[in-house]
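Novice: Numbering (my numbering), first residue to last: 605 to 791. Here you go, one structure.
Here it is in structure tokens:
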């Protein structure tokens, strides 16, 4: 909202884009805290089980990066996007469990382990109609197609360590999986 306030205060044009669960090539697969599809790819490449927090019934609306590029450009140049707040992409709701099954189909294997549930939004699907009407968003890439492209890219990335926070400022309520990984990395 800072952009909106600055635009109004200084008479500038603005458009706020809220991308939803964007994935694809060049995504950070070394982050253990964000981007579930990248996390799973890293885990598989490193001989780890794919982790799902909770029962996997939580849903998200994933967006392949290539489907989002033209709409991002349109947000910058189309007058009808001026002074709008627009959720971009994510028109198909997919459960985390189903996303893991699609990825396992792409990579050909992989075990799944369920961890304690997290305090998170159970179902997150954006209102996306503005991205279609104003930015000409089109859902062109199926999740399987997008994950196949991302997996081909991920397999060719150099191995590097994941970032693990050396300690957490607030320990209460932190997930045991994260705590245990922090302890391992500090040894």
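Every residue, glycine too, gets a C-beta built ideally from N, C-alpha and C. Predicted, not measured: the structure shown is a model, and the values here were computed from it.
1) If we count the other Cβ atoms within 10 Å of its Cβ and call it buried at 16 or more, is residue 637 buried or exposed?
2) Any heavy atom of the ligand SAM closer than 8 Å to the CB of residue 742?
3) Buried or exposed for residue 773, please, with buried defined as at least 16 other CB atoms from any protein chain shown within 10 angstroms of its CB.
4) So, does the stretch 615–626 touch the stretch 649–669, judging by three or more C-beta pairs under 8 Å?
5) Using beta-carbon positions only, say whether residue 675 and residue 740 come within less than 9 Å of one another.
6) How far does the alpha helix (DSSP H) with residue 708 in it reach, from first residue to last?
7) Mark residue 762 as exposed unless 16 or more other C-beta atoms lie within 10 angstroms of its C-beta, in which case mark it buried.
8) Closer than 7 Å by C-beta to residue 694: which residues in its own chain qualify, once you throw out the five before and the five after it? Chain order, please.
9) Can you pull the DSSP bridge partners for residue 689?
10) So residue 656 is in the beta strand (DSSP E); what residue range does that whole segment cover?
11) Starting from residue 803 and walking both ways along the beta strand (DSSP E), at which residues does that stretch end?
Specialist: Reading it off the structure:
1) Translated into the one-based positions of the chain shown, residue 637 becomes position 33. The residue in question, residue 637, is exposed, as its Cβ has fewer than 16 Cβ neighbours within 10 Å.
2) The ligand SAM is absent from the structure shown, which contains no ligand whatsoever.
3) Counted from its first residue, the chain shown places residue 773 at position 169. Exposed, by the Cβ-count rule.
4) yes
5) Locating residue 675 in the chain shown gives position 71, counting from the first residue. Locating residue 740 in the chain shown gives position 136, counting from the first residue. The answer is yes: Cβ separation under 9 Å.
6) The residue you call residue 708 lines up with position 104 of the chain shown. That run of the alpha helix (DSSP H) goes 700–711.
7) As a position in the chain shown, residue 762 is number 158, starting the count at 1. Residue 762 comes out exposed.
8) On the chain shown, position 90 is the one that residue 694 refers to. So the qualifying residues of the chain are 624, 625, 665, 666, 667, 729, 730, 732.
9) As a first step, residue 689 is located in the chain shown; it is residue number 85 there, counting from the start. Answer is 620.
10) The count along the chain shown starts at 1 and reaches residue 656 at position 52. It spans 654–657 - the beta strand (DSSP E) in which residue 656 sits, taken as one unbroken run.
11) The structure shown has nothing for residue 803, since the chain only spans 605 to 791.
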